[in-house]
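Per my numbering, residue 12 is the first one in the sequence shown, and the count goes up by one each step. Every residue, glycine too, gets a C-beta built ideally from N, C-alpha and C. Here the structure is laid out as structure tokens; the discussion comes afterwards.
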Amino acid sequence: SAASDVYKRQVQPLATVDRHEAPGLDRAALDREDLDRQVQGQPYRFASVQEVSLDPTGAGTWESLPSGRQLWRLRVSGPDVLSLNLGFSRFWLPAGSRLLIYPAAGEGRILAYDETDNAPHGHLWTPVLLTDEVVVELEIDPALRWQLELELTSVGRGYRFFGEDLEAKAGACNIDVICSQGDDWRDEIASVAVYSLGGGTICTGWMTNNTAQDGRPYFMTAYHCNVRANWAPSVVVYWNFESPECGMQGGGSYEDTQSGSVLRAEWATSDLTLLELDEVPDPAFGVKYAGWDRSDAVPTSAVAIHHPSTDEKSISFEDDPLTVTSYKSNVSPGDGTHLRIGDWDEGTTEAGSSGSPLFNQDRYV
């Protein structure tokens, strides 16, 4: 539905709709926790998550529409937040139902879901909305209410990242992928995305080809990003989150999103996690599948494409040969599990870059 359709309908005023207000944020405590998380090598956090249990049987407001259908709405707000995102750990819409999530202020992105979004894992996790209050709205045939499963269990209260918090921006030495340095790497750039997990943390990942070359939506990331089987449904991928101008390091669009995945493989020793996304990315997103090389050949140079501090996508260059080492070691070959970058000749990597692909001179991961 267009925004005008949602905001101009003849329904009861929003002021009459039940509201859940999440607690305020303790920014000083969050800052201390984030410093500890950085020291421990934990994934970059952008939101503080409140666990809730809200469903249409005990929360929100119902009303009947002239069409004979029923409308349920719930307002969800968080004071002093940059964004909100929601997680439903029970989600199943009957045929013909529609779920909308949109800013209560009456402008901005509208998220729309129907029965085609039902998944075997029974979850739905949303991308962020840049607002401090959202409306969750369900329209349903009353005869089918018995089929409905809908429970809001997570409210992600964003305090950095998509809110363009300048104090948390990545280092100025990063190179936006829109810059001329990225011109020879456009296909590889299109394979990389930033994603959120559990509505609170962020890492980088990439679309990977497979030997059958059948287009299955395999998505690879780092084991230490903590995408375990029970959390895989909460993955929300943001494609094409990139600066529109070279050197801007900001202004990226987060419109190209998809939600949900299942865990296919993990291996802590080499920091590997392989997911399969619930759906093939929308062709309009222009996503590419990266190739890979599992041989023992040591790269003579390397390129990283990543989201530093989970900001807009960047590209970094190592013009010298890599070395084979153990993790966090410069002794070669060590246990042979890792490739070491001596120093980046252009660009860098940061927290948030975790899970991103490292390409060799032949453009294979």
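Taking 8 Å as the limit between beta carbons, can you name the residues of its chain near residue i, skipping five residues before and five after?
{"i": "residue 115", "result": "25, 86, 88, 142, 144, 145 and 146"}
{"i": "residue 283", "result": "231, 233, 234, 276 and 277"}
{"i": "residue 372", "result": "310, 311, 312 and 313"}
{"i": "residue 169", "result": "57, 58, 92, 93, 94, 95, 96 and 139"}
{"i": "residue 296", "result": "250, 251 and 267"}
{"i": "residue 28", "result": "71, 72, 84, 85, 86 and 146"}
{"i": "residue 370", "result": "196, 199, 301, 313, 314, 315, 316 and 376"}
{"i": "residue 265", "result": "138, 139, 173, 249 and 252"}
{"i": "residue 194", "result": "none"}
In whole angstroms, what separates the C-alpha of residue i from that of residue j?
{"i": "residue 325", "j": "residue 362", "result": "13 Å"}
{"i": "residue 246", "j": "residue 360", "result": "22 Å"}
{"i": "residue 22", "j": "residue 338", "result": "59 Å"}
{"i": "residue 64", "j": "residue 365", "result": "32 Å"}
{"i": "residue 294", "j": "residue 205", "result": "18 Å"}
{"i": "residue 323", "j": "residue 132", "result": "30 Å"}
{"i": "residue 212", "j": "residue 37", "result": "17 Å"}
{"i": "residue 274", "j": "residue 239", "result": "7 Å"}
{"i": "residue 223", "j": "residue 305", "result": "16 Å"}
{"i": "residue 75", "j": "residue 82", "result": "6 Å"}
{"i": "residue 248", "j": "residue 161", "result": "22 Å"}
{"i": "residue 218", "j": "residue 299", "result": "7 Å"}
{"i": "residue 125", "j": "residue 261", "result": "33 Å"}
{"i": "residue 172", "j": "residue 46", "result": "16 Å"}
{"i": "residue 318", "j": "residue 77", "result": "48 Å"}
{"i": "residue 330", "j": "residue 30", "result": "55 Å"}
{"i": "residue 153", "j": "residue 225", "result": "42 Å"}
{"i": "residue 43", "j": "residue 163", "result": "29 Å"}
{"i": "residue 332", "j": "residue 346", "result": "19 Å"}
{"i": "residue 66", "j": "residue 106", "result": "19 Å"}
{"i": "residue 52", "j": "residue 279", "result": "14 Å"}
{"i": "residue 408", "j": "residue 39", "result": "Because the chain spans 12 through 376 in this model, residue 408 falls outside it and cannot be assessed."}
{"i": "residue 69", "j": "residue 307", "result": "58 Å"}
Please go through the same chain and pick out, in chain order, the residues whose beta-carbon is closer than 6 Å to the beta-carbon of residue i, but skip the five residues on each side of it.
{"i": "residue 135", "result": "99 and 102"}
{"i": "residue 334", "result": "343 and 351"}
{"i": "residue 303", "result": "375 and 376"}
Below 8 Å on the Cβ atoms is my guess for residue i versus residue j; work out the distance and round it to an integer in Å.
{"i": "residue 236", "j": "residue 54", "result": "5 Å"}
{"i": "residue 202", "j": "residue 301", "result": "4 Å"}
{"i": "residue 336", "j": "residue 342", "result": "6 Å"}
{"i": "residue 383", "j": "residue 270", "result": "Look at the range of the chain in this structure, 12 to 376, and you will see that residue 383 is not part of it."}
{"i": "residue 272", "j": "residue 244", "result": "7 Å"}
{"i": "residue 185", "j": "residue 353", "result": "Rounded, the Cβ-Cβ distance is 19 Å, inconsistent with contact."}
{"i": "residue 165", "j": "residue 210", "result": "5 Å"}
What do you reckon, are the CB atoms on residue i and residue j nearer than 8 Å?
{"i": "residue 227", "j": "residue 151", "result": "no"}
{"i": "residue 355", "j": "residue 327", "result": "yes"}
{"i": "residue 377", "j": "residue 104", "result": "Absent from the model: residue 377. The displayed extent of the chain is 12 to 376, so no value can be given."}
{"i": "residue 108", "j": "residue 149", "result": "yes"}
{"i": "residue 199", "j": "residue 374", "result": "yes"}
{"i": "residue 378", "j": "residue 229", "result": "The structure shown does not extend to residue 378, since the chain spans only 12 to 376, so no value can be given for it."}
{"i": "residue 167", "j": "residue 90", "result": "no"}
{"i": "residue 130", "j": "residue 289", "result": "yes"}
Within the same chain, show all residues whose beta-carbon is closer than 7 Å to that of residue i, passing over the 5 residues directly before and after it, in chain order.
{"i": "residue 32", "result": "88"}
{"i": "residue 281", "result": "348"}
{"i": "residue 127", "result": "none"}
{"i": "residue 48", "result": "56"}
{"i": "residue 263", "result": "252, 253, 254 and 323"}
{"i": "residue 11", "result": "Nothing can be reported for residue 11: it is not among the residues displayed for the chain, which extend from 12 to 376."}
{"i": "residue 15", "result": "Unreliable placement is indicated for residue 15, whose pLDDT of 46 sits below 50; the coordinate value is still reported in the next sentence. Answer for residue 15: no residue qualifies."}
Does any residue of chain B bring its CB to less than 8 Å from the CB of residue i?
{"i": "residue 149", "result": "The structure shown contains no chain B, having only a single protein chain."}
Tell me whether the segment 104–123 and the segment 42–60 touch, counting them as touching only if at least three CB pairs, one residue from each stretch, are closer than 8 Å. They do not touch, by the three-pair rule.
Is it the case that the segment 189–202 contacts the segment 250–266, given that we only count it when at least three CB pairs across the two stretches are under 8 Å? yes
Can you find at least 3 beta carbon pairs, one from the segment 280–295 and one from the segment 151–162, that sit closer than 8 Å? no
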